[in-house]
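In the numbering used here, the protein residues as written are 9 to 938.
For each residue, glycine too, the CB sits at the ideal point set by N, CA and C.
Bear in mind the structure is a predicted one, so any value in this text is a computation, not a measurement.
Below is one structure, written out as C-alpha cells; comments come after it.
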C-alpha cells in the first residue's frame, strides 16, 4: 500500500501498519476515518524519520529540568520506553521499533493514549484538579509530636575546618568520558583518635551553566564559556553539623555520571557505587598512610573506616544503596568500576528522596529514607521501597526507617539546587500551576516549608541517623522508628516516621499466605493493571507503598484494604501459619487512610490458635495533607500494648489472627503490615546471601534453523534463597513470572530464548528479563535479556512510474519495488518539490476528499501542492510483499488549461544518523481533458 500524507502524519499511518494493521499490498483509497485516526496524536507529539530511524517525539511547552526520575513514554498503562533528551531540554525521542516491542502492542493500541511520566507524575498533562462544584477536603497540618529525649540537630562542641581535593579522573564501565574525583571535606578540629566518616553523594542534576544567563545543560566536560554546577557543595550545612559532632565528612562530585547515565539500564546505579567505593578506597589508603593524603585530609582527624555512614540524595540515594550492597556482596567484575579490597564497614545509609529503580534495597544495612511530601521530581516517593522491600529478605535485625517530611520538596535539601542560594540557575521542582493552585505544596501555603526550614529538618534527621547507626545511641531511635517523637531542631517541620526491622518480631505481611474475612476487607494488589484487584485507583492518588516497578503486574506484592459505611464490622487477617508475639511489648501496625481525613478509629484484637480472643486497644489514624499532585497515601505507625492479651490468657506465641474493627462512622483504610514491637536496637550482622545479576546477551539471528540461547544470569556468594523472575518475550504483550530457588553451587538461572534464523531483513528484537528478591537473596543488576540483531541486508527500494502522464480525472501512479522480501514493512518516500518550469499541479486539480484525508487542508484557495508544508507520497510495502503502488487522483474541471506537472524526489534516511539522503527525481504530467 502506498499513500500520500504530510510527512509527520504519514509516519503515523506507517506505524499503524508496522503494528499490524491488515492492509493489503494493492493501492487503495484511504478512508476519512483512517486518515483522521492518523492525525489524532495528542498535542506536542509527532513521528519523524523513516525505517530504522523512525522516532516517536514529544516536545514540552517548557524546558524539563534535568532531574532524577526517569522520563518515560506510555501508551495507556503500557511502558513504551525511556526516551533520550535533546539538548534543548524540551524534546524527547524514542525509536519506534523500541516502543512497539517494549509495549508489546499492535494495531490501534500501539500508540493509543500516549503519556509522558517521570517519577509517577504526568509531564504532558496538568495534574488532575478538583472537579467544578466539588468540595475539597480541608488540609490539616498535624500537631507537633512530643520532643525526643535527645536532639541530634543541635551543633556539637567541635570547631570545623573545610577544604577540597581533586584526584585523577576514573574510567567507569559504560562511561565514554572519565568521571571526576572531586570532593569537599568538612572535619572537626581538636579531636583525639580516629573519627567516623560520613560520605555524601548528590543526585542527578544539570552539570553546567553559563554565568550571567539562565542557560544550563547536561554536557560533560562543560563547553567553553560554561562552568560546572557544584552540586557536591550543596550539603555543607549538613556536613558542618556532623563535623561539629565529631564526624569527618566528605561530599563527592558525580557530574560526569549525570551526563552519561541516560542510556544505561540501571540509570547509573552501578557507576555511582563504583565512584563511592573509589573514594572510600582512597580514604582507607590515607588512613594508613597520612603523608600521601591531600592537604585537607591531612589537616583533618584520621578517619575510622570501620564506622562509615553513606548519605545519598535522589539517584545518589540509589547509588549509596548499591555501594553498601557492593561492599558486602561483590558485583561482577566486568560491570564494576572498583576492583580493590573492601577496607571499610558501612554502618548505615541515609537516602534523601531517593530513586530505587531496581527496588533492591540492602536488607542487612540499616537505613533511613527521607520522603519529601512535596517532591516534584521523584514524586511517587518510590524511596519507600527501601523500607518495604527489606521485609522478609534476611534476618530483619537492621532498622529501616521512613521519615516523611510534610511540605518539603525534592531540591531544597541541596543548597546548590535552591533558588537564591545556588551559584547556578535553580528552581522549585514542585512548580506551580497559576490556574490550579495546590493547597498543600504551593509556595506560601501554611504547609509548605521554606528552603531554610526544609534544610534544617534534613540536617537534624541526617544527624539522627548518624547518631543511631554509627554512634549506637538508642535514645535517638524513637525519632526514627514510628514511636512518635520529634527532633525540636527540625521545628516547625512536621516529621512523621514508621519503620520495619530493628527489634520487631514476627509480623503479618499481606505479601505472603494470608486470608482476609469480613468487614468488607480484601487482599489487594499493589501494582496491577486490573482495576478489580489493585489497591488504589490511579485517579484516587498515589501511595509510596505502591510505587510501580517494571512489570505492569507484580505478583505477591499486596496490602489489605477495607471500606465501611457504619462502624462495627470486623476485618480478620489470618496468616498462613500462626505468628509469635512472645517477648513483644506492643503490636505495631502500619495503616493509611485517605489524605485530609481525620479521626478514623479502629479497635485492634488478636485471637490465638485455641480461640482465645482479646481486644488490645483502639488506635486513631489521620490522613496526611495531600492533593492530586502528592503521594500522600502513606502509612502511619500505630501501636497497642499486648498487656490486655496477657490478662485474657491469649497465647501470644501462637497468634492465629488480627482483627480490625472500625469505630468511626464511615471510612476506608489500608493495612500494610503488623509486627511485634519492643524497644531497643539490636546489633546487625550481615547474612551470607547469594547475589543475582542479570546481563544482556546480543546475538545474530542467523540464516536458517533455530538456536537456543541462555540469558546471562550470574550467581555469586553463599546460601540459598528465592527470587521472582519476570520474562517478556520479544514481540509479546504477555509477561510471565515464576519463583526460582537459588541454591549453593548453582551458577545461574535457566532462562532459555529460542531464535529462529532467516534471510529476511528485520529490525532488532528484544527479550526482557527482570528479577526481584523474595527471600534470602541480594539483587544487583535487576534487568537484562537477549537482543537479536538483524544480519540480513536491507532491501533496496526502487520507484518506477506506472502512469506518469494522464488526462485529468485519472490517477498518477508509481510503484515501489523491493530488491528482496522483508520481514518488516519497507517505505518509499516521495517528497513534493516546486516545479522549475511550466504549471504545477494545484490543490484544485486533485480530489478534494483525498486532499483533506492526506493533509487536512482544503483545496481553496487554489495553490501549488508543494506549498503544503510536509506533504509527501509515502509508501509502505507490507512484510512478505515485494511492491505496492501509490496514486494521486486528479479531477476533471471542464476548464481549458495547460498541462500541469507534479515533481517528486525519492528520499531515504541514513541508518546511522537519520539524515535524509536525496534520491532520483520523477515527474508526473496531467493533460487537459477538454
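Item, Value
"Residue 401 - containing alpha helix (DSSP H), residue span", "Per DSSP, residue 401 belongs to no alpha helix (DSSP H) and is neither H nor E."
"Rounded separation between residue 717 and residue 181 - CA only", "25 angstroms"
"First through last residue of the alpha helix (DSSP H) which encompasses residue 550", "That residue, residue 550, is in no alpha helix (DSSP H); it is neither H nor E in DSSP."
"Environment of residue 105 [buried if 16+ CB atoms lie within 10 Å]", "buried"
"Cβ neighbour criterion (16 or more within 10 Å) applied to residue 921", "exposed"
"Boundaries of the beta strand (DSSP E) in which residue 189 is found, first to last residue", "187-197"
"Residue 734 - containing alpha helix (DSSP H), residue span", "It is not in any alpha helix (DSSP H) - residue 734 instead sits in the beta strand (DSSP E) that spans 729-736."
"Distance between residue 652 and residue 645 (C-alpha atoms, nearest Å)", "20 angstroms"
"Any chain C beta carbon closer than 8 angstroms to residue 790", "Included in the structure is just one protein chain, with no chain C present."
"Element boundaries [beta strand (DSSP E), containing residue 100]", "99-103"
"Unbroken stretches of the alpha helix (DSSP H), 4 residues or longer, contained in the segment 232-288", "244-252 and 263-266"
"Among 465, 752, 284 and 472, nearest to residue 350 - alpha-carbon criterion", "284"
"C-alpha gap between residue 101 and residue 525, whole angstroms", "49 angstroms"
"Beta carbon of residue 425 nearer than 8 angstroms to that of residue 239", "yes"
"Residue 422, buried or exposed, once every other Cβ within 10 Å from all chains shown has been counted against 16", "buried"
"Stretch pair the segment 693-702 + the segment 554-569: three plus CB contacts closer than 8 angstroms", "no"
"Rounded straight-line distance, which links the Cα of residue 243 to that of residue 363", "18 angstroms"
"Residues that DSSP places opposite residue 824 in a beta bridge", "807 and 892"
"Other residues of its chain near residue 219: CB distance less than 7 angstroms, five sequence neighbours each side excluded", "235"
"Candidates 599, 370, 881 and 74, of which the one nearest residue 408 by Cα", "370"
"Per DSSP, the bridge partner or partners of residue 361", "Answer by DSSP bridge pairing: none, since residue 361 is not bridged."
"Residues of its chain near residue 353, where Cβ-Cβ distance is below 6 angstroms and the 5 sequence neighbours each way are ignored", "314"
"Delimiting residues of the beta strand (DSSP E) encompassing residue 525", "522-525"
"Cβ shell of residue 604 (< 7 angstroms), same chain only, five flanking positions each side left out", "145, 146, 147, 148, 631, 633 and 634"
"Distance CB(residue 191)-CB(residue 256) smaller than 8 angstroms", "no"
"Spatial distance of residue 266 from residue 126 (CA atoms)", "17 angstroms"
"Per DSSP, cross-strand counterpart(s) of residue 172", "192"
"In chain order, each beta strand (DSSP E) run of at least 3 residues that lies wholly inside the segment 582-661", "594-600, 608-616, 621-629 and 644-649"
"Whole-angstrom C-beta distance between residue 316 and residue 473, which should lie under 8 angstroms", "That belief does not hold up - the Cβ atoms of residue 473 and residue 316 are roughly 13 angstroms apart, past 8 angstroms."
"Collapsed DSSP secondary structure at residue 882 in the structure displayed", "strand"
"Candidates 433, 559 and 689: closest to residue 485 by CA position", "689"
"Exposed unless 16 or more other CB atoms sit within 10 angstroms - verdict on residue 908", "buried"
"Residue 74, DSSP secondary structure in three states", "coil"
"Segment limits, alpha helix (DSSP H) that includes residue 860", "856-863"
"C-alpha gap between residue 751 and residue 784, whole angstroms", "10 angstroms"
"Nearest to residue 7 (by Cα), restricted to the options 95, 291 and 414", "Here the chain has residues from 9 to 938 only, and residue 7 is not among them."
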